[in-house]
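All residue numbers for the sequence shown refer to this note's numbering, where the first residue is 2 and numbers rise by one. Note that the Cβ used here is the ideal one computed from N, Cα and C, for glycine as well. Keep in mind that this is a model prediction, so the values were computed, not measured. Everything below concerns the one structure shown next.
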Amino acid sequence: MVKTLFLKQTKGSALCPVESLRFSRAGIDGNEPCSPLRQILILPRSTLDDLALQPGQLRENVVLEHPGLHELESGTELMIGAARIRLTFHCEPCGRVVDKARASALMHKRGYLGQFLNDGTIRLGDSVESLGVLHEPIPYASKDRIRWSLERRSEPITAATLLFECGVPVGYARALPRYLATFPLSLAELVRFECRSKARETQPQMF
């Protein structure tokens with residue numbers, strides 16, 4: 002059951018508790034723009050209880066009663082009320098929450114990120130159901146996710162867009178050339194690097 006709902010209206014701002022979230026395949030209405038693979042962050046209430054935290058402190062969109070959420074496989078389709086959500090990967094501990102708990106305590110426990118597969122509304126009290134693994138799993142590690150994405154492409158892509166589409170933090174941009182050096186040349190050659198000033202202007206926000 003859905004216990005708490007939050008909007009993240011702008012990057013870094015305080016979360017706004019709400020009674021419902023309107024969503025579409027583009028993400029949550031009124032939420033800050035984000036990668037297609039990071040449209041919603043779902044957290045089980047048990048994680049907050051284990052860490053003695055309050056709803057919203059890990060910057061989640063949804064708190065629900067589902068103790069086994071983190072054990073579900075990537076690619077699992079979850080029904081939250083009328084919402085069909087593809088679980089993508091666990092949310093990484095980051096600088097915005099490290100003051101709430103140790104990174105080691107948050108690893109693979111900070112919530113599950115997901116992608117909407119339909120349009121509708123999530124409301125407080127909605128039921129939750131796992132429909133099983135219906136979609137391709139997505140790697141958790143950033144390097145593996147970048148390679149996974151490139152293996153499914155045939156056309157060139159800019160480095161900034163690649164990171165955004167993979168849901169990889171922009172801080173990994175400096176590591177991207179090192180990652181690409183370990184990939185087959187056919188994959189590495191798909192990535193186009195822009196000048197720094199232009200990339201900064203065009204890079205969309207991810208969180």
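Assignment of alpha helix (DSSP H) within the stretch 67–110, counting only whole runs of 4 or more residues, yields 104–107 in chain order.
L44 is not a Cβ neighbour of L22, given a cutoff of 9 Å.
When secondary structure is reduced to three states using DSSP, F117 falls in the strand class. In this structure, the straight-line span from the alpha carbon of G82 to that of A104 is close to 31 Å. Only exposed fits C17, as fewer than 16 other CB atoms lie within 10 angstroms of its CB. Taking the Cα of V134 as reference, the smallest distance to any Cα among L52, M80, K110 is reached at M80. A Cβ-Cβ separation of about 6 Å places M2 in contact with L65 under the 8 Å criterion. Going by DSSP, E166 is part of the alpha helix (DSSP H) stretching over 160–167.
Taking a contact as a CB-CB distance under 8 Å, the pair I86 and N62 does not count as one, their CB atoms being some 11 Å apart.
Relative to G76, the option among L132, N32, P34, D30 whose CA is nearest is L132. Annotated as proximal: R39 and L114, with beta-carbon spacing under 9 Å. According to the DSSP secondary-structure assignment, R124 is paired through a beta bridge with S21. In terms of CA proximity to E137, Q116 leads the group D120, E130, Q116, K144. Across the structure, A27 and S14 are spaced so that their CA atoms are roughly 21 Å apart. Minimum Cα-Cα distance from L188 among the listed residues T122, V169, R148, L164 corresponds to R148. For G112, the three-state secondary structure derived from DSSP is coil. Between P170 and S128, the CB-CB gap reaches or exceeds 9 Å. In the DSSP assignment, T183 falls outside any alpha helix (DSSP H) and carries neither an H nor an E. Within the same chain, and ignoring the five residues on either side of P56 in sequence, the residues whose Cβ sits closer than 6 Å to its Cβ are T5, V64. Secondary structure in the stretch 30–67: the alpha helix (DSSP H) runs of 4 residues or longer, each lying completely within the stretch, are 46–52 in chain order.
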